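Colleague: Can you read through this structure? Questions will come right after.
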Amino acid sequence: GQNIDQPTEMTATEGAIVQINCTYQTSGFNGLFWYQQHAGEAPTFLSYNVLDGLEEKGRFSSFLSRSKGYSYLLLKELQMKDSASYLCAVPLNYGGSQGNLIFGKGTKLSVKP
Amino acid sequence: EPEVTQTPSHQVTQMGQEVILRCVPISNHLYFYWYRQILGQKVEFLVSFYNNEISEKSEIFDDQFSVERPDGSNFTLKIRSTKLEDSAMYFCASSGPEGDNEQFFGPGTRLTVL
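These protein sequence lines are chains A and B, in that order. Using this note's numbering, read the first sequence as starting at 5 and increasing by one per residue. Using this note's numbering, read the second sequence as starting at 10 and increasing by one per residue.
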């Protein structure tokens, strides 16, 4: 089966850098996603990693180590609007299925002035 | 920019009643999904749909749930006899021809069962 662990809450200061970790155990591996979810809203896609290493996209970067079952999301130059939950997700790995996502419980990030 | 839309945004119903939640996926997408999120809990996969049939479903998606693509644009989730524990935010999502990368989520329907 699939299991995803990430911290429940984090707090950081505006302008700072924060790293949100995610560990996963899966029966197979078909990539790892990070989504952002503001309270009361839908998840929005941030990143997808399938190979080891760091993927940078503006202020957000995502890292993957398949051998360690580990990923992190790095947010730089934090802004107040980055206050949200950050969801780590992996696709189910059934046969020919396409991307049915299993989500972690999410990390609620609070950015303080 | 194309987006997934869902109606209604809020639905209140009595226990035992049937509800239909509607979604219009992005027009050139081929894979469709329903997820739910009970207040304060994680997003949970319900069902995926491809080529006019269910491709995968979770243990949550029991006989009281069904999905349909009645025409070329709508994708619906029906709950036959609602229970109190069905109260949740229901998200529709769709993804493109490859199907295994970015899923675009709709804004959700908040279902409240009384």
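A virtual CB, placed ideally from N, CA and C, is assigned to each residue, including glycine. Keep in mind the model is a prediction, meaning the values are calculated, not measured.
1. Between which residues of its own chain and phenylalanine 58 of chain B is the CB-CB distance below 6 Å, once the five residues before and five after are set aside?
2. Is the shortest distance between the beta-carbon of lysine 109 of chain A and the beta-carbons of chain B less than 9 Å?
3. Identify the residues that DSSP records as bridge partners of alanine 102 of chain B: which are they?
4. Between which residues of its own chain and glutamate 10 of chain B is the CB-CB distance below 8 Å, once the five residues before and five after are set aside?
5. With 16 other CB atoms within 10 Å as the buried threshold, where does threonine 121 of chain B fall?
6. Contact criterion: CB-CB distance below 9 Å. Does glutamine 83 of chain A meet it with respect to chain B?
7. Is glutamate 62 of chain B helix, strand or coil by DSSP?
8. Considering glycine 57 of chain A, what are the terminal residues of the beta strand (DSSP E) in which it resides?
9. Cutting at 8 Å between CB atoms, please list the residues of its own chain near glycine 57 of chain A, excluding the five before and the five after it.
10. In three-state DSSP terms, what is glutamate 77 of chain B?
11. Does DSSP put lysine 72 of chain A in a helix, a strand or coil?
12. Should aspartate 95 of chain B go down as buried or exposed, given a rule of 16 or more other Cβ atoms within 10 Å for buried?
13. Specify the secondary structure class of aspartate 9 of chain A as computed by DSSP and reduced to three states.
14. Measuring straight from C-alpha to C-alpha, what distance separates alanine 20 of chain A and arginine 63 of chain A?
15. Can you look up methionine 24 of chain B in the DSSP assignment and give me helix, strand or coil?
16. Would you call the CB atoms of tyrosine 76 of chain A and isoleucine 24 of chain A closer than 9 Å?
17. Taking alanine 46 of chain A as the query, report the chain B residues whose CB atoms sit under 7 Å from its CB, ordered along the chain.
Modeller: Considering the structure as presented:
1. Phe41 and Val76
2. yes
3. B:Tyr42 and B:Phe114
4. none
5. exposed
6. no
7. strand
8. 57-61
9. Phe67 and Leu68
10. strand
11. coil
12. buried
13. strand
14. 11 Å
15. coil
16. yes
17. Phe100, Phe114, Gly115, Pro116 and Gly117
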